[in-house]
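What follows is a set of notes on a single structure, which appears directly below.
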Amino acid sequence: MQTPAATIICPNYTCEQPNAEHHQFCEKCRTPLPKRYLWVVGTGVQKFKEKFKDLKSGEVLADRYVLKGDRLLLDTKPGKVPDVPVEIPDLILPYLRLFSHRIHVPQVYGQLVDQKISSSGLWLLEQGPIYAEIPTPSGSEARETPPPQTGKLMPPLIGQWAKASPLRQLNWLWQIANLWHPFMGEGVAGSLLNPELIRVEGSIVRLLELRLDSKFPTLENLGQFWSQWVSTANPLIAPFLEKLCQLLIDGEIKTSDQLVALLDRGLNVCGQLQQREYAIATDTNQGPSRRRNEDACYPNESSTKLTSESGLSSLAIVCDGIGGHEGGNVASNMAIDAVKKHIQQQQTSKANLTDPRTITTTLVQAAGAANEAISAKNDSQQKQGRQRMGTTLVMSYTHAHELYITHVGDSRAYWINRSGCRQVTIDDDVASRHVCFGYILYRDALQQPSSGSLVQALGMGPSAHLHPSVERFVIDEDCLFLLCSDGLSDNDRVEQYWQSKILPVLNGELSLTQGVNLLIDLANYHNGHDNVTVALVHCRVSPNETAQITPEALLAELEQIPLPLMHPDAHPDEDTELPGQEVSSSAPTKLATRPTGSRPFLPILLAIVLVVGLGIVAFYLNSLNNMTGSNNSESNPENRLATNSQDNSTTSSNPPVSVQWEDLTTGTLYQIKADSNVSESPLSLYKNKSKNKSEEIAKIATDTVILVKEKPGNITGDTEKWLQVQVCPPEDPPLGDKIKSQLGWIPFGELNQAQINLEKSDKKYTNGPCVVNN
1226 MQTPAATIIC PNYTCEQPNA EHHQFCEKCR TPLPKRYLWV VGTGVQKFKE
1276 KFKDLKSGEV LADRYVLKGD RLLLDTKPGK VPDVPVEIPD LILPYLRLFS
1326 HRIHVPQVYG QLVDQKISSS GLWLLEQGPI YAEIPTPSGS EARETPPPQT
1376 GKLMPPLIGQ WAKASPLRQL NWLWQIANLW HPFMGEGVAG SLLNPELIRV
1426 EGSIVRLLEL RLDSKFPTLE NLGQFWSQWV STANPLIAPF LEKLCQLLID
1476 GEIKTSDQLV ALLDRGLNVC GQLQQREYAI ATDTNQGPSR RRNEDACYPN
1526 ESSTKLTSES GLSSLAIVCD GIGGHEGGNV ASNMAIDAVK KHIQQQQTSK
1576 ANLTDPRTIT TTLVQAAGAA NEAISAKNDS QQKQGRQRMG TTLVMSYTHA
1626 HELYITHVGD SRAYWINRSG CRQVTIDDDV ASRHVCFGYI LYRDALQQPS
1676 SGSLVQALGM GPSAHLHPSV ERFVIDEDCL FLLCSDGLSD NDRVEQYWQS
1726 KILPVLNGEL SLTQGVNLLI DLANYHNGHD NVTVALVHCR VSPNETAQIT
1776 PEALLAELEQ IPLPLMHPDA HPDEDTELPG QEVSSSAPTK LATRPTGSRP
1826 FLPILLAIVL VVGLGIVAFY LNSLNNMTGS NNSESNPENR LATNSQDNST
1876 TSSNPPVSVQ WEDLTTGTLY QIKADSNVSE SPLSLYKNKS KNKSEEIAKI
1926 ATDTVILVKE KPGNITGDTE KWLQVQVCPP EDPPLGDKIK SQLGWIPFGE
1976 LNQAQINLEK SDKKYTNGPC VVNN
């Protein structure tokens, strides 16, 4: 039965014109009309379902949500902020902590409170597997009602399984395998064993909702679950899948890393069934309100480049410089040069730059090389704080059936196919970080001051504190990847206009270069406050008629199980990977999330409350600092780097070094301060820049004052930063007799690892080698 059409209120608060549900833009002011179809979850869902029998389709709840089906609502007031309680329940926390996986996981929209339902504990999820309206190729609004599938749930994977190609079947399994470890950490891995929750949108696996595990799921359970699909699998991969499931059931595959690696082997074989061509077009523009262009892109020609090979020809880069007159344009161009040089060197030295792990490592190192190059220039010019130039980075790299996205900062990447547009990068800003830590809902975080302040960018600090994200996508259908600076993405312009401006490129109505030019014009007209840079990567897929793949060739890929890489699939209550630790490159490297057990206990809840409280205090201190010391990011994009030390620190459980590397100056006295739980400083003094035990001079005690004698400049490729220091004992014995005034080297990176801070000292010496004017 067709549900009654809803009336959407224009989100423009100066307009608020009622519009028909199928309209893409407001009839009065032409503001884009968001269609937010929402899914109801929570502890009160059962009562809601019972009450649903008495509710009529089209009925309005909470004065804004139109009932479109069982647990399915449409927000008719998208310009109004939804209800958000102060306390976030345990049921909702996994959605926040898995924010970096939002291409697969729906996001929390707000709470549903309505007297008609008389049920508490109801929450609304957005960006779930629900079809939005896709316009006709011409973008016409002539239709009287939305297409029949609009507002309907996407199909379960099991219903599409038998009809899928062998590559897509393996691709779906590969995505589930990549989600297994992060879902285990949040106690929701059982959701990947529920066929009703696993939906698909073309090649993408989408979860309808997350459910907390009542018992500990294992890879054996996953093997048993997948074994049900063997009989309907494509004949080419059926033997491969059958043996893979048996290995899981028998416990031969012990970690999800091993499972992902085995599926990668299968994908490499099945990927030969298709041919791919990648076309790239880029351009950058100063914009109507900027004196010069701080952005940069690669390739920097307006023309399209076609390739099906790996290497520089398959690379697309967008950089948005930070620093204004201090050199944002220099930083963005330096980043591109450093990335190109590093990849070219790796391509030359490693003829087989084809392994996913090797490619991922190379891309992370390329971002690190760019960071070191910019940081070294900043250090050589003695630039500190906001004087330092920097840049964001988003780049794509294609190889065979895979496309890699590497990202630092708030420039973005979007994945567009004929069914939707998805942001595949997570901004490295205050709002996203607080969501990932479970402090706050994303839409609520965006309302806070300084929500857009960056917590990392290239050139702002040592590479040890830099965490680039690398995402890997299997390409089995025609699609587009859009890379852009925030001159285009600000104010949700991509989400608002992708159907009318980008989809025509995919449909062949516009060339790739025309699409780039159209997006730049769109940014300058509707945003206009910043430079704008755009790169479009068009992925074309066609059958490879010459490929001859046999089931036996696939089976051979399971002959040897790879060794575990970085992490075991441990019980959530056991030791698991902590934020800031390195993760396997076979899975995407993302903003770290905090592992939790499936059943949080009272001490954990109290700890969360304490952390949230501290986070809020730090958040508002940072907000106050930004409001008094600088303009917001939209009015002054060059000044958008977060200044609060908590936001700039890595996601480590250790406290940040109180004096950062870039702030250390020679000829200055500092005092060594250990964390309260460190009884004795384990910091060593070395004769030379070596951690060899034979070179160790002495241990440096807590509260010792040191004089920085030499701080070598950053050199690209260095993995350790050293300080030459003079140990300054008290002028009175006995400590002076024990340590004396020794000269040596300390590894700066060990300070944070050993929970030691350096604080500037006001100590005065009247004699000895530590007499300075501090």
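By this note's numbering, the letter at position 334 of the sequence shown is numbered 1559, and the numbering carries on one by one without gaps. Cβ atoms here follow ideal geometry from the backbone N, Cα and C, with glycine treated the same way. Quantities reported herein were computed from a predicted structural model and do not represent experimental measurements.
Going straight from the alpha carbon of residue i to that of residue j, what length do you get?
i	j	result
L1691	M1685	9 Å
L1472	R1643	37 Å
K2014	K1293	There is no way to answer for residue 2014, as the model of the chain reaches only from 1226 to 1999.
P1621	V1930	Position check: residue 1621 holds Ser in this sequence, whereas Pro was assumed. Approximately 48 Å between the Cα atoms of the pair.
P1513	N1752	10 Å
A2001	Q1673	The displayed coordinates of the chain run from 1226 to 1999. Any statement about residue 2001 would go beyond what the structure contains.
G1504	W1640	According to the sequence shown, residue 1504 is Ala rather than Gly. Approximately 15 Å, taken between the alpha carbons.
N1917	L1708	46 Å
I1234	A1245	9 Å
N1847	L1679	Confidence is the limiting factor: at N1847 the pLDDT is only 48, short of 50, which leaves the residue's position unreliable and the question unanswerable from this model.
V1836	L1321	Bear in mind that a pLDDT of 48 at V1836, under 50, signals an unreliable position, so the model cannot answer this.
Y1664	V1655	11 Å
P1354	A1601	46 Å
L1849	I1462	Below a pLDDT of 50, predicted positions are generally treated as unreliable, and L1849, at 40, falls in that range; the measurement from the model is reported next regardless. About 58 Å.
I1543	Y1990	The sequence given here has Val at residue 1543, not Ile. Approximately 52 Å between the Cα atoms of the pair.
R1393	E1467	17 Å
K1988	Q1967	18 Å
S1365	D1438	Its pLDDT being 45, under 50, S1365 is placed unreliably by the model, and the measurement read from it follows with that caveat. Answer to the nearest angstrom: the Cα atoms are 46 Å apart.
P1937	D1604	10 Å
S1694	Q1385	31 Å
T1579	L1628	12 Å
G1410	P1442	12 Å
I1429	V1884	45 Å
C1764	E1597	32 Å
T1256	K1302	13 Å
So residue i packs on residue j, CB below 8 Å; how close in whole Å?
i	j	result
R1424	P1380	7 Å
R1697	P1581	6 Å
I1547	T1616	6 Å
S1909	K1924	6 Å
E1312	P1331	Their Cβ separation, rounded to whole angstroms, is 21 Å, which puts E1312 and P1331 out of contact at 8 Å.
Y1290	L1337	7 Å
L1743	L1705	At roughly 13 Å, the Cβ-Cβ gap does not stay under 8 Å, so L1743 and L1705 are not in contact.
L1347	G1283	So it is not a contact: roughly 19 Å between Cβ atoms.
N1716	T1509	So it is not a contact: roughly 19 Å between Cβ atoms.
What residue range does the beta strand (DSSP E) around residue i cover?
i	result
T1509	Q1499 to N1510
C1544	L1540 to I1547
I1233	T1232 to I1234
G1412	Unbroken run through G1412: none, as it is neither H nor E.
L1646	Strictly speaking, residue 1646 in this sequence is Cys, with Leu absent from that position. Counting along the chain, the beta strand (DSSP E) containing C1646 begins and ends at G1645 to Q1648.
F1450	Looking at the DSSP string, F1450 is not in any beta strand (DSSP E); the run it does join, the alpha helix (DSSP H), is L1444 to S1452.
T1623	L1618 to H1624
G1267	Y1262 to G1267
G1294	Y1290 to G1294
A1656	Note, A1656: premise wrong, no beta strand (DSSP E); alpha helix (DSSP H) at V1655 to C1661.
Assign residue i to one of two classes, buried (16 or more other C-beta atoms within 10 Å of its C-beta) or exposed (fewer than that).
i	result
T1175	For the chain, the structure presents residues 1226 to 1999; residue 1175 sits outside this window and is missing.
G1969	buried
S1904	Bear in mind that a pLDDT of 47 at S1904, under 50, signals an unreliable position, so the model cannot answer this.
C1254	exposed
L1788	exposed
D1520	buried
E1784	exposed
A1781	exposed
E1434	buried
K1440	exposed
P1314	exposed
I'd like the span of the alpha helix (DSSP H) that includes residue i, first residue to last.
i	result
V1950	Note, V1950: premise wrong, no alpha helix (DSSP H); beta strand (DSSP E) at W1947 to C1953.
C1495	S1481 to C1495
P1937	Taken as a continuous stretch (DSSP letters only), P1937 belongs to no alpha helix (DSSP H), as it is neither H nor E.
P1972	Run containing P1972: none in the alpha helix (DSSP H); it sits in the beta strand (DSSP E), L1968 to P1972.
V1589	P1581 to S1605
L1472	A1463 to I1474
G1335	Segment Q1332 to Q1336 is the beta strand (DSSP E) holding G1335; no alpha helix (DSSP H) there.
T1573	G1553 to S1574
Could I get the ranges of all uninterrupted alpha helix (DSSP H) runs contained in the region 1371 to 1404, with 4 residues as the minimum, in chain order?
DSSP runs (the alpha helix (DSSP H)) wholly in the region 1371 to 1404: 1382 to 1385.
Which ranges does the alpha helix (DSSP H) cover as unbroken runs of at least 4 residues, wholly within the region 1732 to 1791, from first to last along the chain?
The qualifying runs are 1737 to 1751 and 1776 to 1780.
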